[in-house]
Structure formats: C-alpha cells, structure tokens
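The structure appears below as structure tokens.
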Amino acid sequence: MTRVSRQARAASRLAAVQALYQRDMEQTELHLLLDEFHQHRLGAEIEDVEYAKADIAFFDDVVRGVYARLDEIDATITAKLANGWSIPRLDKTMLQILRAGTYELMARSDVTVGTAISEYVDVAHAFFDEREAKFVNGILDAVAKAVR
257 MTRVSRQARA ASRLAAVQAL YQRDMEQTEL HLLLDEFHQH RLGAEIEDVE
307 YAKADIAFFD DVVRGVYARL DEIDATITAK LANGWSIPRL DKTMLQILRA
357 GTYELMARSD VTVGTAISEY VDVAHAFFDE REAKFVNGIL DAVAKAVR
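In the numbering used here, the protein residues as written are 257 to 404.
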C-alpha cells in the first residue's frame, strides 16, 4: 500500500471514530451522517484546518459495518473488559475507537492485525494520553486473538 493510501486509511479511521461518536450522541440517521462526512468533512477545510484526504469507501465500510454488527462487536469487547467494566462505563470516544478497531479485526481480513491495532492506538493518541492508548492496544490485541 502506498504512503498516500496509508494516510488516506488513517484519515478514514479517525473520521470513522468521529462519525460513530456523532451517531452515538445525536442518533443521526446513518445515510445522513455519511453524507455529512462526504460533503463537509473528509478532505475539507474547517476553521483553517485542512482534513486529510480519506479513503471514502473504507470510511463507509467501517461506519456501516460497526452499525450492522453492533451487538456482536459490543459482546466481543465486553468479553475482553476487566471484571466490573461494561460498555456503558467506557468513555464514549474510547468506545467508538474500540468498536471501529474490533470491526476491522472481525471483518477486514485485508488489514493485518498489527496494522489495525497500531492505527487505532494512533487514533487513541489523538484523544487520550498514553495510558488510554495502552488500554486500546490491550483490548484490541485480546479481540484479535479471539477473532483471527
């Protein structure tokens, strides 16, 4: 995969987490959410910040895939959480990172385990400190062992 396409996939993953968060918070209909991201966010410039070009098909697959398999994904994540932890107890952004990463590990055999985990650890770094990034690494590593 070329450097440009790796960057496009990375931008897609970050945007997918943002879209999943927005859908979770606002209950936006999926087709409207995807359209908003296609028209106004992916590769756009917002308040003098230029968003990286994204792989739109990959973005759509992750967002649609998470919602198509939400119960299965949440059950897989829940099985890997420590005792006393549950989906509702997770930070909302953290949950979307784990959902997107779990979806890729379950459904995207074209993406290696190492790439999927590393990319979502990078996404975690955009929102959290090292401790939370390590949490993402640990959960997604456990998920990968269960689903691959």
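Where a beta carbon is used, it is the ideal one built from N, C-alpha and C, also for glycine. Since the structure is predicted, the reported quantities are computational estimates derived from the model, not experimental observations.
(message) Using CA atoms only, rank isn't needed, just tell me which of 334, 332, 293 and 331 is closest to residue 319.
(response) Walking along the sequence shown from the start, residue 319 turns up at place 63. Cα-wise, what sits closest to residue 319 is 293.
(request) Determine whether the Cβ of residue 335 lies closer than 8 Å to any Cβ atom of chain B. (result) Within the model displayed, chain B is absent; a lone protein chain is all it includes.
(message) Looking only at its chain, what residues have a beta carbon closer than 7 Å to the beta carbon of residue 284, apart from the 5 residues adjacent to it on each side?
(response) As a first step, residue 284 must be located in the sequence shown, where it is residue number 28. If we look at residue 284 and ignore the five residues flanking it on each side, its Cβ neighbours are 278.
(message) I'd like the list of long-range same chain contacts for residue 332, defined as Cβ closer than 8 Å, with 5 residues on each side in sequence excluded.
(response) By one-based count along the sequence shown, residue 332 stands at place 76. Only 358, 362, 399, 402 and 403 meet the Cβ criterion.
(request) Using a threshold of 8 Å, state whether the C-beta atoms of residue 273 and residue 356 are closer than that. (result) Looking up residue 273 in the sequence shown gives position 17. Looking up residue 356 in the sequence shown gives position 100. Yes, the Cβ-Cβ distance between residue 273 and residue 356 is below 8 Å.
(request) Along the alpha helix (DSSP H) that carries residue 348, what are the first and last residues, could you check? (result) Here residue 348 is taken as the residue at index 92 of the sequence shown, counted from 1. Taken as a continuous stretch (DSSP letters only), the alpha helix (DSSP H) holding residue 348 covers 348 to 363.
(message) So, for residue 286: in the same chain, excluding its five sequence neighbours on each side, which residues have a beta-carbon less than 8 Å away from its beta-carbon?
(response) Residue mapping note: residue 286 aligns to position 30 of the sequence shown, counting from 1. Here the set comprises 279, 319, 320 and 323.
(request) Output yes or no for whether 8 Å exceeds the beta carbon distance between residue 372 and residue 386. (result) On the sequence shown, position 116 is the one that residue 372 refers to. On the sequence shown, position 130 is the one that residue 386 refers to. In this structure, residue 386 does not lie closer than 8 Å to residue 372 by Cβ.
(message) Less than 7 Å between C-beta atoms, sequence neighbours within five positions excluded: which residues of the same chain meet that for residue 271?
(response) For this step, residue 271 is matched to residue 15 along the sequence shown. Around residue 271: 293, 297, 298, 310 and 315.
(message) Is residue 265 a contact residue of the ligand FAD, with contact defined as CB to any heavy atom under 7 Å?
(response) Ligands in the displayed structure: none, and consequently the ligand FAD is not present.
(request) Would you give the residue range spanned by the alpha helix (DSSP H) that residue 291 belongs to? (result) The residue given as residue 291 occupies position 35 in the sequence shown. Residues 286 to 296.
(request) Assign residue 352 to buried or exposed, taking buried as 16 or more other Cβ atoms, counted over all protein chains shown, within 10 Å of its Cβ. (result) Numbered from 1 along the sequence shown, position 96 holds the residue referred to as residue 352. With 16 or more Cβ atoms within 10 Å of its Cβ, residue 352 is classed as buried.
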